[in-house]
Each structure stands twice: as C-alpha cells, then as structure tokens.
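Quick notes on the structure that follows.
Chains as they are written, first to last, in the numbering used here: chain A, 8 to 230; chain B, 57 to 274.
What follows is the structure, given as structure tokens:
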C-alpha cells in the first residue's frame, strides 16, 4: 500500500478556490441578511399577529427545523419549476438558505423580543408611539443585542450548511472543490484543503464577531 | 420514459426510512461512546488531553458535515481501503456525533457543582469512582434534553449520505424523482417522513427542558 498525496494541482487552482471562498461568503451573507428580515417579520407575527398568522409561522418554523436542508433545497430546486417557476441553481440555493435560516432566526429573535421587559413597551405606548413604532424603536435593538451571540453562531452554521448547495451545482466553495477534483483526480487533497478553508473561515468569523461584541455592546446593561 | 408515481414508488421511499434509522442509530451509539470519551478528555486533569479534545471538537464543529463525509469517503479510497458509502457515512457521522455529544456532555459535567466533586474526593473516591458514582449521574440529568435535541440534528445529517450515494431516505427520493419527475409529491413525502421522525423528538426535548427549568426554579 503506497500513499501519495499530491497537493500541487490543488494549490495551482488557488484562483478558483479564492473565487469559491468569495462565492460562499456572498451566498452566506446574502442569505443571512434576507433571512434576518424574514425572521424579524415572522417573530413579530408570532408574538403580535392574528391567530392564523401565528399558526402559519409555527408550522413554517417547525417544518424547517425538523427536515434536512438537503430535502428543502431539492424541494425548492426541483419542485418550483414543476409549479411553473424556473429558478437557476444559484437562485434556488439562496432561496433555500433564506427559508432555512429564517426559521432558526425566528425562534432566536422571538426569544430576544420576549427578553425585553414589558415596562419598556408600556413606556413606549405611554409616550404615544404606535405598536409598530414601539417594536421598531424600543424593542428591536435591545432584543437584537440580547441574541447577538446566538445570531452570530447561526451565521457560522449557515456558512457551513451552505456547502450542501453544491448538491444542485449552485456556485460555492464546495462546488469549486468538486470541479477541481474531477479535473485533477486529487479528491482527497482538494477536500482536505477546502475543509481547512472552512475551518479557517469559522474561526476567523467567531473571532471577528467576538471583537465586534466587545466593541459595540461593551456598555453596561441594566438587567 | 417517465414512470407513474404509484404505490410501489411510495413504498420504496417509505422502506428507505429503515436505512436512515439504521445510520442514525449506529452514529448515535458510536457517537455516544466517542462523545463520553471526548467529554471526559475535555474535563481531564491532564492539559494535553484537554487540548486534544478541544481541537477535535473545534475541527468537527467548524467544518461542514458534507466535507467530513467527503474526507472519510475519498480519504479511505486514497489509502486504498475502498470504503462503501454506507461504511463511510457511518464512520463520518460517528466522528461528528462524538464531537457534538462530547461538547454537550462536557457542559453537563461542568454544571455539576464543585462541592460535589470536593465531597467525593473528601470521601476518598478515586477519579474513576468519583466520575461514575457522583458526577456522571448528576450530569446525565442535565444532558438529556440537549442530547435528544442533537438526535434530531443527527437524523437530518444522515441525509447528506445521499450525496456520496448511500440509498437512505433522501437518496430514495432522488431516485424516484428521477424516474417519475413528480418533485412536489416525492420530496413532500420525503420531508413528511423526516418530520414524522424528528418532530416528536423535538417536542420531547422541549418538554424535558421546561421540566428541568421548572425544577431549578423551585
């Protein structure tokens, strides 16, 4: 048994890999921003919305959290065209990630909103703000601060989950790895390098988020 | 040539649940043993062991599960041990579960008050008996809810075995969809089956967690 690992062809593909990193970052950041907007809306509906809307949000959250992402992306990528809506792999990947992270973030943000004391809401209402204004001006910011650590780890999870979009050949780092390995026949070496890239990205983002946390949320908070 | 989606096709998908369950079961058992070792190493008095366990956890929590599957699958081939997808998936998921359960159980072990450790030591218990008789039974209570929660994550994770070609539930769905092209029906059924496996576990984890929280509040 002789083992020969050839990292040369992998390192030669560094331009492609760098482009892949950029694609994965764009996809994750885009999905996180849109997913957060979706989640803020869903969390608001879940807490203050009419009963049918609350029920619908609950169904959405539970279905997404209790089924695999791979099945969700297949459902969207193969299912929507059958219903007449044609999607490119990249669009389907983004949509699936938004739907997925939106459900997890809904629960996180709901918990954050509930952590804001009721007195603050009443104070806002007493000042004559409307419900939506109270939500936007009084509740949302401290709620986001309370759940900042949970949201940032959710972003890292999202970035790792996004490798699954390669299953429908959407453009990301894992797809680039698949292309490089099928061209150079160095599958193990490529996946070692790409795994290390993902690891470096996770570690870098958790360090970055911790630094932002210290800088932005450093002031004392009354509990 | 498209095939009709009939009872035979539905049955093929439903029958594939057994492979999802088998893979989840093996990874959970293996991960349970591995996770206990990782958790104990993580709280070990020896700094080297602690660092090793921390690195292991960081590696598996900081990289995509899909890459872990690829590394085991293609790695075994590079080393000349042609692993079939079934074995590769079982090994990768076991390692992944070991890391996650190790971290969950580390937290549970460290939640046992130091007074309990000191009392055990004062009674003359050695490390092994201290762990077995005093710390682990108390840690186990704390660990139940997040462990059940992780089981949901693990069942969902087994779907990635489809990508390396192991015919579990998701792959069975792909095969039937390729033959019948009824994606809504096929992946709707696949999703429903996963939901039927995972949702009761999620509810159970939530219920245990609330009960434990109520117990602590008293």
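Heads up, the beta-carbon is just placed ideally off N, CA and C, and yes, glycines get one too. All values reported here derive from a predicted model rather than from experimental measurement.
In this structure, DSSP gives residue 221 (chain A) a helical state, which the three-state scheme calls helix. Only those residues of the stretch 204-221 of chain A whose C-beta falls short of 7 Å from the nearest C-beta of chain B are listed: 205, 206, 209, 210. Excluding sequence positions up to five before and after residue 166 (chain A), its CB lies within less than 6 Å of the CB of 35, all in the same chain and listed in chain order. The beta carbons of residue 229 (chain B) and residue 208 (chain B) sit no closer together than 7 Å. Residues of the same chain with a CB within less than 7 Å of the CB of residue 118 (chain A), apart from the 5 flanking positions on each side, are 154 in chain order. Going by C-alpha positions, residue 201 (chain B) is about 47 Å away from residue 19 (chain A).
Where residue 194 (chain B) is concerned, the enclosing alpha helix (DSSP H) starts and stops at 192-213.
Residues 180, 204 of the same chain have their beta carbon placed closer than 7 Å to that of residue 28 (chain A), with the five preceding and five following residues left out of the count. Put simply, the stretch 86-93 of chain B does not touch the stretch 235-254 of chain B. Fewer than three CB pairs are less than 8 Å apart.
A distance below 8 Å between beta-carbons, with the five flanking residues on each side excluded, links residue 194 (chain B) to the following residues of its chain, in chain order: 168, 172. Look at residue 192 (chain A) here: in three-state DSSP terms it is coil, with no helix or strand label. Note that the C-beta distance between residue 87 (chain A) and residue 178 (chain A) is not below 7 Å.
The beta carbon of residue 205 (chain B) sits closer than 6 Å to the beta carbons of 261 from its chain, once the five residues preceding and following it are set aside; these are given in chain order. Note that the stretch 132-147 of chain A does not touch the stretch 63-75 of chain A; fewer than 3 beta-carbon pairs, one per stretch, sit closer than 8 Å. One Cα belongs to residue 102 (chain B), the other to residue 199 (chain B), and the distance between them is close to 24 Å. Cβ-Cβ distances below 6 Å link residue 200 (chain A) to 17 in the same chain, with the five nearest sequence neighbours on each side left out; the list follows chain order. Under the 8 Å Cβ criterion, the stretch 72-86 of chain A counts as touching the stretch 248-267 of chain B, having at least three qualifying pairs. Looking at B:221, B:265, B:162, the one whose alpha-carbon comes closest to that of residue 125 (chain B) is B:221. Taking a contact as a CB-CB distance under 8 Å, the pair residue 152 (chain B) and residue 111 (chain B) does not count as one, their CB atoms being some 15 Å apart. Around the CB of residue 270 (chain B), fewer than 16 other CB atoms lie within 10 Å, so the residue is classed as exposed.
The C-beta distance from residue 83 (chain B) to residue 225 (chain B) rounds to 15 Å, too long to fall under 8 Å, and the pair is not in contact. At the C-beta level, residue 173 (chain A) and residue 182 (chain A) come within 7 Å of one another.
When Cβ-Cβ separations below 7 Å define contact, residue 120 (chain B) makes contact with chain A.
Contact with chain B is found for residue 74 (chain A), since one of that chain's Cβ atoms lies less than 7 Å from the residue's Cβ. For residue 226 (chain B), the nearest beta carbon of chain A is closer than 7 Å to its own beta carbon.
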